[in-house]
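Residue numbers (our numbering), protein chains in the order written: chain A, 2 to 197; chain B, 2 to 197. Below is one structure, written out as structure tokens; comments come after it.
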């Protein structure tokens, strides 16, 4: 049986499909962060992790919240660089439909969804909220995980409250404040060792 | 006393300053890899690791080898996204001087230098060559480190031979073949824990 790894990264990126690829950190609302997180979640040197599912909700103007999901088993055509990943997020935003979830390109899904709805749908998994002050990962059993991470700013208190209400365990990979993409690289590596 | 962490990543990127920023993975010769490695080497959520020194040698046409070094203590103006980092590498390539090392922008240095010369200059450090089949990092004492990594292809046998001749220890972070940038993120995290 495949054990899936779910990662959710909160984002403040803009929700308009006209992404300025020359300015992902600026006018696109730190879309570079989401792109690097997706890179860290899926890519190995030779291929894609099929057991990873990546979730994000873009909270920026003008059409928030937009939920985007990438599934490793189905993901095709995307390259691991920020620009390529941003282009595919743009395609998802372009095909967004208020009424129903759309598979915009192979393995990438877009829909209207709130953070609370997302957790509700995934309550069969174990939620782990990343926070410097959480319990050290070394002392936590990671099973059927759904990790919740902030972007460059932390998750809001009300989001943390929603996560806790859904049973999230607050875990830490260290006292330093790491970039979300580096957290994901470390978590993937940690779980690889764990499973070996 | 600050303990410095050195990372070297071999690169096949082009050595011409006219980098096509829309095609880092293609015509620029996988410059996206170098950019992500630099991101992983230096950035924390709030600031830059001042104790990191990053080295690369670009081996692509038309002017190889070009050696580039970034020093965390002096690094300024660069943003953590691939495009910004690639722009600064372009500036370094533009200011390249056959005769002497140039500081092209704050904290970024460019010169003519071979891999063997680089190791010779750094022989006061301990070389660790990353390889899936090396000794597990858990069983290795890391002290005053100079890590040597390949890009998407491994280091060549003759480069490995040069490293071994300079006393490099072959170490592994796992059996999977990880992207170089993910290796660096894990190594930084590993050493953070180590030092705490």
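For glycine and all other residues, C-beta sits at the position ideal for the given N, C-alpha and C. Note that the coordinates shown come from a computational prediction; the quantities given were computed from them, not determined experimentally.
Checklist entry - Looking at the structure shown, is residue 107 (chain B) part of a helix, part of a strand, or coil, going by DSSP? => result coil
Next on the checklist: Below 8 Å on C-beta distance, what does residue 118 (chain A) contact in chain B?
Outcome noted: In chain order: nothing, as chain B lies at least about 28 Å away.
Item to check | Cross-chain neighbours of residue 170 (chain A) in chain B, by beta carbon under 9 Å | outcome: Chain B residues near residue 170 (chain A): none, gap ~20 Å exceeds 9 Å.
Checklist entry - Between the region 62-73 of chain A and the region 103-120 of chain A, do at least 3 Cβ pairs fall closer than 8 Å? => result yes
Checklist entry - Rounded to the nearest angstrom, how far is the Cβ of residue 49 (chain A) from that of residue 73 (chain A), given a contact under 8 Å? => result 5 Å
Checklist entry - So which residues on chain B does residue 132 (chain A) lean against when the C-beta distance must stay under 9 Å? => result Simply none; closest approach about 12 Å.
Checklist entry - Taking the continuous alpha helix (DSSP H) assigned at residue 153 (chain B), which residues delimit it? => result That residue, residue 153 (chain B), is in no alpha helix (DSSP H); it is neither H nor E in DSSP.
Next on the checklist: What would DSSP say about residue 132 (chain B), mapped onto helix, strand or coil?
Outcome noted: strand
Item to check | C-beta neighbour in chain A for residue 160 (chain B), strict 7 Å | outcome: no
Next on the checklist: Counting only Cβ pairs nearer than 8 Å, list the residues of chain B close to residue 199 (chain A).
Outcome noted: Coverage of chain A is limited to positions 2 through 197, which leaves residue 199 (chain A) absent and any answer about it impossible.
Next on the checklist: Starting from residue 56 (chain B), trace the alpha helix (DSSP H) in both directions and tell me its first and last residue.
Outcome noted: Unbroken run through residue 56 (chain B) is the beta strand (DSSP E), 53-59; no alpha helix (DSSP H).
Item to check | Partner residues on chain A for residue 10 (chain B), Cβ-Cβ distance less than 7 Å | outcome: Neighbours of residue 10 (chain B) on chain A: none; closest Cβ ~13 Å, over 7 Å.
Item to check | Proximity winner among A:13, A:44, A:37 and A:43, relative to residue 29 (chain A) (alpha-carbon distances) | outcome: A:13
Item to check | Touch test, the region 134-143 of chain A against the region 86-98 of chain A, Cβ-Cβ under 8 Å, three pairs minimum | outcome: no
Next on the checklist: Please list the terminal residues of the continuous alpha helix (DSSP H) segment that includes residue 95 (chain B).
Outcome noted: 83-96
Checklist entry - What does residue 175 (chain B) touch in chain A if you count any residue whose Cβ is under 9 Å from its own? => result 190, 193, 194 and 197
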